[in-house]
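Structure first, commentary second.
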């Protein structure tokens, strides 16, 4: 009886410890555990072989072995891609409905100026304030894009609770409210969605360890996070190939080739699912518009039957079925997209984008520092973040008010409509001339054509105003991405250059054959890729533009413009995300931008730490106590002896603390029961040295080893003797000094 009571008590304790899991009794029965068992993990009774196992548990075990025969990673990567694509599509639907409601309210108010102003400004202000307050109240990690922190995590630095699944809901709700503000705030989706994908991947990694009954593996976690980056980009643009390449360029200084397949597989699943949902939604919208007129509330049964009954249509009138199409559809179906002589103007466009990108990066970094140093903004960001958001968004919304300055910036358009209008295949200068003569060609371009200003004036005003408005928007403490705004900004630069070239050469440039007109939309494509690539220091934006629009005709000039813009920006400024790391002072090694020959002559001996606290194998209690008081290092070097500083290994701080707790102090009072006196070599485990630097190791070699192996500290030896140590702080400081000199 006593044994049965003890087993019942243990069973009760087990249930109380795991009470958060639903149906504990049913789960134990499925695992094949009888009520007299002590519980545990799945299949304990099956593995022990001492208790009968239910047929259901044996069947599940067989199914699990068959499914995971090809590797369990592929299933979780597929789930990750489909899940993030579904969430992304759902967010887009909600954002479109809320924005349509805002536009309906703005139109229905009438011509009362005050009410129109309030409806235009209060809606995005309230949403931005709610986004800031809601997300910040749940987790302080929800603000910004999240890419600087993810880059730091991928380099082996642990940021507590940054990938916790509890932050997922806060970031989704906050990002949805931010994007609903539309072109008023002019913020994007890419960065936060990469963070969301990383959180989902971290949670799926924990589920994988539970299902496979394995211990958590840091390498497996890293592989899932790498795939999550590609999924985040691919599900926003529907571009799997450039999504993988862009995530590699932006997030990882070193990328393992074995991770390519995981990234491509997950990104392809996500992009395919996203585009499939988009096509399904468009077909549903067409069916709804065709079946029910706005005036009629509901279709009759006869109408429904007529909608479902196929009608004979002549073959030459039958429209082609819509398949999986590009996210930003463009009508650039041109037999001869550009002439060879236009390459010069694409080169000029790359130079312009590179110079503007350098100015943007410098001003944005200066603004981030100024906001933190100013006493008023620093106080608001520390205590009243929603108040700061309200003030900033109210200013931005007032400027974009359509009857005011917004009429010169096409502020009525959404961010997607901005891109679609800038990628318009027609020449706006010709359309404006035709419109002035009486013809009224329709299209989104008309928002750029103001009666008191030409399209050149509106594009120039848009670029001037959005330059500082984008910088101000990056200081908002709410979930937001910054890639799409600079993408649209670059498209506007390219469109302006293309329209100017078309104005200068109305008959086009042609080296041979008949004259062909200039296509400004091709310059918009190249400008979007060049400016966004120069700001993020990525070349894959050229392919991203082609995948997102489905147009490959301008690939070569686009690549040329991207390369030229990157050459200028990488020489003079850190990337947008590296600048965020610098401002936030995250423990990350920024890339060495200096390519001067003098930087290759810098060796470890010039910047290493020479005063290193070391222990000898024969040291005892007193020496260990002095070493722990002298420094707070996580590990200490161990040498052969005090007279022979030959490095033999390292010992962790936790082992030294245990050594002190289990050994006798030389001045301990008599009568206490303490352990006998010993030495480090006898009573502690000394870990061997796997990597050490020579004093003549170059700065570039040390930098790449720190990045590739995710090192935190390396000891320096000369002929086997310890002479110093190098940590991330020394490498980062020397890197910054050489960049300033170079």
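In the UniProt record's numbering, the protein residues as written are 1 to 742. Ideal Cβ placement from N, Cα and C applies to all residues, glycine included. Here the structure is a predicted model, which means the values were calculated and not measured.
The segment 174-262 is shown to contain no whole beta strand (DSSP E) run of 3 or more residues. One thing to note: residue 388 has its Cβ within 8 Å of the Cβ of residue 377.
For residue 651, the enclosing beta strand (DSSP E) starts and ends at 647-652. Under the Cβ criterion (8 Å, minimum of three pairs), the segment 143-159 counts as touching the segment 702-719.
CA-CA distance, residue 160 to residue 395, rounds to 35 Å. Annotated as distal: residue 721 and residue 557, with beta-carbon spacing of 8 Å or more. Segment contact: the segment 648-658 against the segment 682-692, three or more CB-CB distances shorter than 8 Å; contact assigned. Taking 8 Å as the upper bound for CB-CB distance, residue 589 and residue 728 are in contact here, some 6 Å apart. For residue 514, the number of other beta carbons within 10 angstroms of its own is below 16, and it is reported as exposed.
As a beta-bridge residue in DSSP terms, residue 714 pairs with 726. Straight-line spacing of the CA atoms in residue 398 and residue 128 works out to 14 Å. In this model, residue 622 and residue 628 are separated by some 10 Å (Cα to Cα). Here residue 428 is buried: its Cβ has 16 or more other Cβ atoms, across all protein chains shown, within 10 Å. Less than 8 Å separates the beta-carbon of residue 233 from that of residue 190. In this model, residue 495 and residue 76 are separated by some 42 Å (Cα to Cα). In the three-state scheme derived from DSSP, where H, G and I count as helix and E and B as strand, residue 691 is classed as coil. Cβ contact annotation for residue 619 (same chain, cutoff 7 Å, sequence separation greater than five): 679, 680, in chain order. Within the same chain, Cβ atoms closer than 6 Å to the Cβ of residue 266 are found at 77, 80, 81, 227, 231, the five residues on either side in sequence being excluded. For the pair residue 479 and residue 661, the Cα-to-Cα distance works out to about 48 Å. Within the same chain, and ignoring the five residues on either side of residue 348 in sequence, the residues whose Cβ sits closer than 8 Å to its Cβ are 497. Taken through DSSP and simplified to helix, strand or coil, residue 698 comes out as strand.
Taken in chain order, the complete alpha helix (DSSP H) segments of 4 residues or longer contained in the segment 549-617 are 555-572, 576-584. By alpha-carbon distance to residue 601, the top candidate from 657, 695, 699, 504 is 699. Here residue 406 has 399, 400, 412 as same chain residues with Cβ atoms under 8 Å from its own Cβ, once five neighbours each way along the sequence are excluded. In terms of Cα proximity to residue 577, the closest of 451, 633, 360 is 360. Take the alpha-carbon of residue 350 and the one of residue 704: they are about 30 Å apart. Listed in chain order, the non-local C-beta contacts of residue 113 below 8 Å within the same chain comprise 403, local neighbours out to five positions each way being set aside. Secondary structure note for residue 360: its alpha helix (DSSP H) is the uninterrupted segment 343-373. The alpha-carbon of residue 222 is positioned some 26 Å away from that of residue 633. Residue burial is scored here from C-beta neighbours: residue 375 has fewer than 16 other C-beta atoms within 10 angstroms and is therefore classed as exposed. Between residue 731 and residue 723, the gap from beta carbon to beta carbon reaches 8 Å or more. The Cβ atoms of residue 542 and residue 559 sit closer than 8 Å to each other. Counting along the chain, no alpha helix (DSSP H) covers residue 515, and no H or E run does either. The secondary-structure analysis by DSSP pairs residue 704 with nothing; it has no beta-bridge partner. In this structure, the alpha-carbon of residue 460 lies about 33 Å from that of residue 381. In this structure residue 356 is buried. Its beta-carbon is surrounded by 16 or more other beta-carbon atoms within 10 angstroms.
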